Amino acid sequence: MAGRRKPGLWVMEGNWSASVRDVRSVEPVLSALQGGRRAHHAKRHINDPDDLAQALKQWGQRQHDMFNIGYVALHGSPATVHIGRKSLDMCELGERLPPATLKRKALHFGSCSVLNIHYKRREALRKALGVKVISGFTTDVEWFESLAFELLLFDALTWYRRPSDAESYLKKTHSAFAKRLGFVMVRG
1 MAGRRKPGLW VMEGNWSASV RDVRSVEPVL SALQGGRRAH HAKRHINDPD
51 DLAQALKQWG QRQHDMFNIG YVALHGSPAT VHIGRKSLDM CELGERLPPA
101 TLKRKALHFG SCSVLNIHYK RREALRKALG VKVISGFTTD VEWFESLAFE
151 LLLFDALTWY RRPSDAESYL KKTHSAFAKR LGFVMVRG
């Protein structure tokens, strides 16, 4: 990676349950990537739908260009994320974002089933959010398995210059794992 800037992750994570004893977080993935000198990160805590909209708007600002990969770590269902007891349709969220601010960004949903929608709706979702790439899962994923896969995903996205090369690598070396989780990537 000599001669190129270290990639950055813009992380948007909410609470995984209402219990104060539930300390689950995507921090281990972020620590591994930073410790391995693969990527740096900025993290935003998401408490409600407005927080997510604001975090995406901030991510699109020029001063945050070094964060080329977004990571939404929330509960999910088809085309929707859940923040506490509130649900947010991702296409509707896209309507709240300034046009073209995320056009060079890749956005991963570390959420159950968000991309369990027809492939044409996935493309419509990618366009609505204004990103170059979206990725995520079509199934309800198990916590540790999804974290393990996301470490591999972000390692590939930070190593390869093009998301298509990262996707090819994942299909070649981790295809059974990706298939079991229902991982998909949609590129523009």
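Numbering-wise (my numbering), the sequence shown opens with residue 1 and increments by one. Note that CB positions come from ideal geometry on N, CA and C, so glycine has one too. Just so we're clear, the structure is a prediction, and the values are computed from it rather than from any experiment.
- Residue Phe67 holds the alpha-carbon nearest to the alpha-carbon of Leu157 among Val23, Lys120, Arg96, Phe67.
- For Leu107, the pairing in a beta bridge is given by DSSP as Gly70, Ile134.
- Under DSSP, Ser87 shares a beta bridge with His82.
- The criterion of a C-beta distance shorter than 9 Å is not satisfied by Arg44 and Val23.
- Boundaries of the alpha helix (DSSP H) harbouring Ala156: 143 to 159, taken from the DSSP string.
- Take the alpha-carbon of Met90 and the one of Gln58: they are about 17 Å apart.
- Cβ-Cβ separation between Lys103 and Gly130: approximately 6 Å, consistent with a contact (criterion under 8 Å).
- From the listed residues Phe183, Asp155, Trp159, His75, the smallest Cα separation to Ser135 is found for Phe183.
- DSSP places Val29 within a helical segment (H, G or I) once states are collapsed to three.
- Boundaries around Trp10 are those of the beta strand (DSSP E), 8 to 13, since no alpha helix (DSSP H) includes it.
- Around the beta-carbon of Ala55, 16 or more other beta-carbon atoms lie within 10 Å, marking it buried.
- In this structure the region 161 to 180 does not lie against the region 34 to 49, because fewer than three pairs of beta carbons, one per stretch, are closer than 8 Å.
- Looking at the DSSP output, Lys43 shares a beta bridge with Val11.
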